[in-house]
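Enquirer: The listed protein sequences correspond, in order, to chains A and B. Its first residue numbered 0, the first sequence is counted upward by one per residue in numbering that gives the first Met the number 0. Its first residue numbered 0, the second sequence is counted upward by one per residue in numbering that gives the first Met the number 0.
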Amino acid sequence: MSAHPFKHRHLLAIEGLDTVDVLQVLDTAEAFFEVSRRPVRKVPTLRGKTIINLFFEASTRTRTSFELAGKRLSADVVNISASSSSVSKGETLLDTCRTLEAMRPDVVVIRHDASGAAEYVSKRVQCSIVNAGDGQHEHPTQALLDAFTMRRAKGKLEKLVVTICGDVMHSRVARSNAALLRLFGADVRMVGPRTLLPVELDKLGVRVYDRLEPALDGADVVMVLRIQRERLQGAMLPTLREYSRTFGIGTKQLAYAKPDALVMHPGPMNRGVEISNDVADGSQSAVLDQVEAGVAVRMAVLYLLTGESGPVEASS
Amino acid sequence: MTTAYESVLDADAISRAIRRIALEIVEQTGGAELALVGIRRGGVPLAKRIAEVIREVEKKDVPVGTVDIALYRDDAATALPDPKIGPSDVRFPVGGRNVVLVDDVMQTGRTIRAAIDCLLDYGRPRRVWLAVLCDRGGRELPIAPDFIGRIVEVPAGKKLAVELEGGEDRVVLIGKGAAT
Numbered sequence: 000m001s002a003h004p005f006k007h008r009h010l011l012a013i014e015g016l017d018t019v020d021v022l023q024v025l026d027t028a029e030a031f032f033e034v035s036r037r038p039v040r041k042v043p044t045l046r047g048k049t050i051i052n053l054f055f056e057a058s059t060r061t062r063t064s065f066e067l068a069g070k071r072l073s074a075d076v077v078n079i080s081a082s083s084s085s086v087s088k089g090e091t092l093l094d095t096c097r098t099l100e101a102m103r104p105d106v107v108v109i110r111h112d113a114s115g116a117a118e119y120v121s122k123r124v125q126c127s128i129v130n131a132g133d134g135q136h137e138h139p140t141q142a143l144l145d146a147f148t149m150r151r152a153k154g155k156l157e158k159l160v161v162t163i164c165g166d167v168m169h170s171r172v173a174r175s176n177a178a179l180l181r182l183f184g185a186d187v188r189m190v191g192p193r194t195l196l197p198v199e200l201d202k203l204g205v206r207v208y209d210r211l212e213p214a215l216d217g218a219d220v221v222m223v224l225r226i227q228r229e230r231l232q233g234a235m236l237p238t239l240r241e242y243s244r245t246f247g248i249g250t251k252q253l254a255y256a257k258p259d260a261l262v263m264h265p266g267p268m269n270r271g272v273e274i275s276n277d278v279a280d281g282s283q284s285a286v287l288d289q290v291e292a293g294v295a296v297r298m299a300v301l302y303l304l305t306g307e308s309g310p311v312e313a314s315s
Numbered sequence: 000m001t002t003a004y005e006s007v008l009d010a011d012a013i014s015r016a017i018r019r020i021a022l023e024i025v026e027q028t029g030g031a032e033l034a035l036v037g038i039r040r041g042g043v044p045l046a047k048r049i050a051e052v053i054r055e056v057e058k059k060d061v062p063v064g065t066v067d068i069a070l071y072r073d074d075a076a077t078a079l080p081d082p083k084i085g086p087s088d089v090r091f092p093v094g095g096r097n098v099v100l101v102d103d104v105m106q107t108g109r110t111i112r113a114a115i116d117c118l119l120d121y122g123r124p125r126r127v128w129l130a131v132l133c134d135r136g137g138r139e140l141p142i143a144p145d146f147i148g149r150i151v152e153v154p155a156g157k158k159l160a161v162e163l164e165g166g167e168d169r170v171v172l173i174g175k176g177a178a179t
C-alpha cells in the first residue's frame, strides 16, 4: 500500500519518464533480482494475469527475457512471432492487436520494425503495452536494464561518463540509453563513423566524437553497439574490416577509458567486428550481468504495470 | 483531540518477553539446526534480538534471514500492491532445518501464510515454527503461533504499534482521545 503507485499504464519509451519513474523500476528490480537466484525461481504475484509477447522482429534474448520474467511472476505467457502468425497472411497490426485484446490479456509486449508501433497500438487498446523495441525509436527495457547494471557496478548513475560506440543511427538502444542517462545528468558521448551518426544528435544532449580516443578518455562505461548488418543499406560502411580497425573496441582502445570502466553490449555481439574477444570475455565485461539484469528489470516493469497501482481506467 | 498512547509493553517488558521466547525456542526445538527468519519489516529486528539472546545463553550463532511477503500477498491482484518491495534474504540452506518465522504482531494469519509460502521457495525445512511478540487475535486462517510474547486486546478504533528501532523500545495502543 503506497501513496506512490507507478504513474504509467504503458511503457513505450524512456522519453516521458522522470527520475522517480526510473528509480521506481530500478528499486523494484533489486527485489526481483534476488528471486532469480533462489532455489525456486518463481513468485505467485501475477497469478491469473496474461501476458502476450508479440514479436514482429526476430529476437531471442529479449523475448526469452520477457517470457521468463512473466513466468517467474506466475503469469500465463503466450509468445507470438510474426512469421508463424496471421501477420504472414496479411493482417494489419491493429487487427492483430484487437484480436489478441479480445482474449483479455493484461499486457502485450510488442516488438515491431516500425518506429512508433507500440505507441500507435497503445492508443487503441485497453491493456497495457510494453515496447520491446520499435524500429529505430526506443527500447526502454534495454535502457532500464543497462541503468540497473551500471548502478550496481558503479553505485550511481549521476555524473557517470558513458561512451556509446558504433552504429548509433540505427540504434534504439542508444536512443533510450541517452534519454535515461541524461535524466540523471550523466555525460553521454557517442562515437562512430559519421555515416552512422544521425544528424540531430545534439537534441539528445550528447557529445559527438568521430575518433575513439577522445571519446573514451575518462569513460566509466563503454557501451558497444552491434553493427546491424541487416539494417545497413548501401555504402554506409566501406567494409566491416575497416570499421573494426577504426571503431572496434579491443584491449588497446579500452585502455583509453578509466581502468575500471565497465564494458557493455546489448547483444548479440559480432566478435571481431565491434568488439574483440579479449574485451567481450574480459574482467571488465558486464555483458552477462546485463542479461541477468534484464529478467529482473522486466519482472519489475510487468509488476508495476499490472498492479492496480496503475492509473485507474475510466472505461469498463 | 490529541493522540493518546497507552502502554502495552515497556522496554523492560519487551526485553523479558524476547528473552523468554528465545529460551522457549531453544527448549522446544532442541536448538539443533535452528534458523530464524524475520518477516519484513517488523519481524526483522525482533529476529535479530532473539538470535542475540540465543548466542548469549547457548554460545552459538543462529543464522538469521528475512522474507518480504509483498510478492506473496493473497490480495496482490486486487488490492494496491506495494511498489516498494523489500528484498528477501535467506543465505543459508533452509532444507532440513528448524526454521522459526518471527513477526512483531499477528492478527489474521494471512501474512504468516504468505511468509510460509515464501520460505518454502528456498527449500524444505524440517519444521516451521512461529514466534510473535504480540498476538492480537482475529484469525482468518487456521494458523497459530508457537511462541507468544503477549496476547493483546485491541479495542475498536485503536491501533497497535510496536517500536523496536530508533528510540526506546515500546508497544503501545494508539487512539484518538483527550490527552491524559
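C-beta atoms are modelled at their ideal positions from N, C-alpha and C, and glycine is treated no differently.
Spell out whether any CB of chain B is found under 9 Å from the CB atom of Pro139 (chain A).
Expert: As a working note, residue 139 (chain A) is residue 140 in the first sequence. For Pro139 (chain A), the answer is no, since every Cβ of chain B falls outside 9 Å of its Cβ.
Enquirer: What are the start and end residues of the alpha helix (DSSP H) that includes Glu162 (chain B)?
Expert: The residue given as residue 162 (chain B) occupies position 163 in the second sequence. Note, Glu162 (chain B): premise wrong, no alpha helix (DSSP H); beta strand (DSSP E) at 158 to 162.
Enquirer: Check each candidate in B:Gly165, B:Thr2, B:Ile49, B:Gly42 and name the one with the smallest Cα separation from Thr65 (chain B).
Expert: Locating residue 65 (chain B) in the second sequence gives position 66, where the first residue counts as 1. Scanning B:Gly165, B:Thr2, B:Ile49, B:Gly42 for the CA closest to the CA of Thr65 (chain B) turns up B:Gly42.
Enquirer: Of all the CB atoms in chain A, is at least one closer than 9 Å to the CB of Pro86 (chain B)?
Expert: Indexing the second sequence from 1 puts residue 86 (chain B) at position 87. Closer than 9 Å: yes.
Enquirer: Any idea what DSSP makes of Val89 (chain B), helix, strand or coil?
Expert: Taking the second sequence and counting its residues from 1, one reaches residue 89 (chain B) at position 90. Note: Val89 (chain B) maps to coil in three-state DSSP.
Enquirer: I believe Val294 (chain A) touches Ala68 (chain A) by the beta-carbon criterion, under 8 Å. Please report the beta-carbon distance rounded to the nearest angstrom.
Expert: If you number the first sequence from 1, residue 294 (chain A) lands on position 295. If you number the first sequence from 1, residue 68 (chain A) lands on position 69. With 8 Å as the limit, Val294 (chain A) and Ala68 (chain A) qualify as a contact, their Cβ atoms being about 5 Å apart.
Enquirer: At a cut-off of 8 Å, would you count Leu25 (chain A) as near the ligand SAH, judging by its Cβ distance to the nearest heavy atom?
Expert: The ligand SAH is absent from the structure shown, which contains no ligands of any kind.
Enquirer: Taking the continuous alpha helix (DSSP H) assigned at Ser282 (chain A), which residues delimit it?
Expert: Residue numbering aside, residue 282 (chain A) sits at position 283 when the first sequence is read from its first letter. Here Ser282 (chain A) belongs to no alpha helix (DSSP H), and DSSP marks it neither H nor E.
Enquirer: Taking Cβ to Cβ, would you say Val170 (chain B) is nearer than 9 Å to Cys133 (chain B)?
Expert: For the purposes of this step, residue 170 (chain B) is identified with residue 171 of the second sequence, where counting begins at 1. For the purposes of this step, residue 133 (chain B) is identified with residue 134 of the second sequence, where counting begins at 1. Their beta carbons are under 9 Å apart, which means Val170 (chain B) touches Cys133 (chain B) by this criterion.
Enquirer: Determine whether the Cβ of Leu179 (chain A) lies closer than 9 Å to any Cβ atom of chain B.
Expert: The residue you call residue 179 (chain A) lines up with position 180 of the first sequence. It does not; no Cβ of chain B falls within 9 Å.
Enquirer: Go ahead and pull the three-state DSSP assignment for Asp105 (chain A).
Expert: Position 106 of the first sequence, counted from the start, is the residue given in the question as residue 105 (chain A). Coil, per DSSP.
Enquirer: Identify whether Ser84 (chain A) lies in helix, strand or coil by the three-state DSSP scheme.
Expert: Within the first sequence, numbered from 1, the residue matching residue 84 (chain A) stands at position 85. Coil at Ser84 (chain A), not helix or strand.
Enquirer: Could I get the ranges of all uninterrupted alpha helix (DSSP H) runs contained in the segment 205 to 252 of chain A, with 4 residues as the minimum, in chain order?
Expert: Listed in chain order, they are 211 to 215, 239 to 246.
Enquirer: Within the segment 5 to 82 of chain A, note down every full alpha helix (DSSP H) run reaching 4 residues or more, in order along the chain.
Expert: Counting only runs of 4 or more residues that sit fully inside the segment 5 to 82 of chain A, the alpha helix (DSSP H) segments are 18 to 34, 60 to 71, in chain order.
Enquirer: Could you tell me whether the segment 209 to 224 of chain A touches the segment 158 to 169 of chain A, using the rule of 3 or more Cβ pairs below 8 Å?
Expert: yes
Enquirer: For Asp133 (chain A), which three-state DSSP category applies?
Expert: For the purposes of this step, residue 133 (chain A) is taken as the residue at position 134 of the first sequence. Asp133 (chain A): strand per DSSP, three-state reduction.
Enquirer: Taking DSSP as the reference, what is the three-state secondary structure of Val190 (chain A)?
Expert: Within the first sequence, the letter at position 191 stands for residue 190 (chain A). Note: Val190 (chain A) maps to strand in three-state DSSP.
Enquirer: Please identify, using Cβ separations under 7 Å, the residues of the segment 273 to 297 of chain A that lie next to chain B, in order along the chain.
Expert: none
Enquirer: Just the C-alpha distance for Glu212 (chain A) and Asp166 (chain A), rounded to the nearest angstrom, thanks.
Expert: Along the first sequence, one-based indexing puts residue 212 (chain A) at 213. Along the first sequence, one-based indexing puts residue 166 (chain A) at 167. Distance between the alpha carbons of Glu212 (chain A) and Asp166 (chain A): 17 Å.
Enquirer: In chain order, what residues of the same chain have a beta carbon less than 8 Å from the beta carbon of Arg123 (chain A), not counting five sequence neighbours either side?
Expert: What you label residue 123 (chain A) is simply residue 124 of the first sequence in a count that begins at 1. The residues are Leu93, Cys96, Arg97.
Enquirer: Enumerate in chain order the residues of its own chain whose CB-to-CB distance from Glu118 (chain A) is below 6 Å, with the five nearest sequence positions on each side excluded.
Expert: To locate residue 118 (chain A), count along the first sequence from 1; it is residue 119. For Glu118 (chain A), where only same-chain residues beyond five positions count, the Cβ hits under 6 Å are Leu11.
Enquirer: Assuming Val86 (chain B) contacts Glu14 (chain A) under a Cβ cut-off of 8 Å, what Cβ separation, rounded to an integer in Å, is found between them?
Expert: Here residue 86 (chain B) refers to the residue found at position 87 when the second sequence is read from its first residue. Here residue 14 (chain A) refers to the residue found at position 15 when the first sequence is read from its first residue. Checking the sequence, you will find Pro at residue 86 (chain B) rather than Val. A Cβ-Cβ distance of about 30 Å is found for the pair Pro86 (chain B) and Glu14 (chain A), leaving them out of contact under the 8 Å criterion.
Enquirer: Roughly how many angstroms lie between the CA atoms of Asp288 (chain A) and His264 (chain A), to the nearest whole one?
Expert: Position 289 of the first sequence, counting from 1, holds the residue named residue 288 (chain A). Position 265 of the first sequence, counting from 1, holds the residue named residue 264 (chain A). The alpha-carbon of Asp288 (chain A) is positioned some 10 Å away from that of His264 (chain A).
Enquirer: When burial is assigned at 16 or more other CB atoms within 10 Å of the CB, is Arg48 (chain B) buried or exposed?
Expert: Taking the second sequence and counting its residues from 1, one reaches residue 48 (chain B) at position 49. Label assigned to Arg48 (chain B): buried.
Enquirer: Closest to Arg18 (chain B) by CA distance: which of B:Val52, B:Leu33, B:Glu57, B:Thr1 is it?
Expert: Working through the second sequence from its first residue, we reach residue 18 (chain B) at position 19. Arg18 (chain B) has its Cα closest to that of B:Val52, out of B:Val52, B:Leu33, B:Glu57, B:Thr1.
Enquirer: Using the C-alpha atoms, what's the distance from Ile111 (chain B) back to Leu129 (chain B)?
Expert: Here residue 129 (chain B) refers to the residue found at position 130 of the second sequence. Here residue 111 (chain B) refers to the residue found at position 112 of the second sequence. Rounded to whole angstroms, Leu129 (chain B) to Ile111 (chain B) spans 8 Å at the Cα level.
Enquirer: Name the chain C residues that come within less than 9 Å of Asp120 (chain B), Cβ to Cβ?
Expert: Annotation note: the requested chain C is absent from the structure, which comprises protein chains A and B.
Enquirer: What residues in its chain sit with their C-beta under 8 Å from that of Gly266 (chain A), if we drop five residues either side in the sequence?
Expert: Position 267 of the first sequence, counted from the first residue, corresponds to residue 266 (chain A). Taken in chain order, the residues that qualify are Arg60, Arg225, Val286, Gln289, Val290.
Enquirer: Which of the three DSSP states is assigned to Asp11 (chain B) in this structure?
Expert: Walking along the second sequence from the start, residue 11 (chain B) turns up at place 12. Asp11 (chain B): helix per DSSP, three-state reduction.
Enquirer: Can you give me, in chain order, the residues of the segment 21 to 33 of chain A that have a beta carbon less than 9 Å from any beta carbon in chain B?
Expert: Gln23, Asp26, Thr27, Glu29, Ala30, Phe31, Phe32, Glu33
Enquirer: Residues of chain A with a CB under 7 Å from the CB of Ala75 (chain B): which are they?
Expert: The count along the second sequence starts at 1 and reaches residue 75 (chain B) at position 76. Thr44, listed in chain order.
Enquirer: Going by beta carbon distance, what residues of the same chain come within less than 7 Å of Ile173 (chain B), once the five residues before and after it are set aside?
Expert: To locate residue 173 (chain B), count along the second sequence from 1; it is residue 174. Around Ile173 (chain B): Thr2, Tyr4, Lys157, Lys158, Ala160.
Enquirer: Which residue spans inside the segment 104 to 158 of chain B form an unbroken alpha helix (DSSP H) run of at least 4?
Expert: 109 to 119
Enquirer: Can you pull the chain A residues whose beta carbon is under 8 Å from the beta carbon of Asp67 (chain B), in chain order?
Expert: Working through the second sequence from its first residue, we reach residue 67 (chain B) at position 68. Correct list: Ala30.
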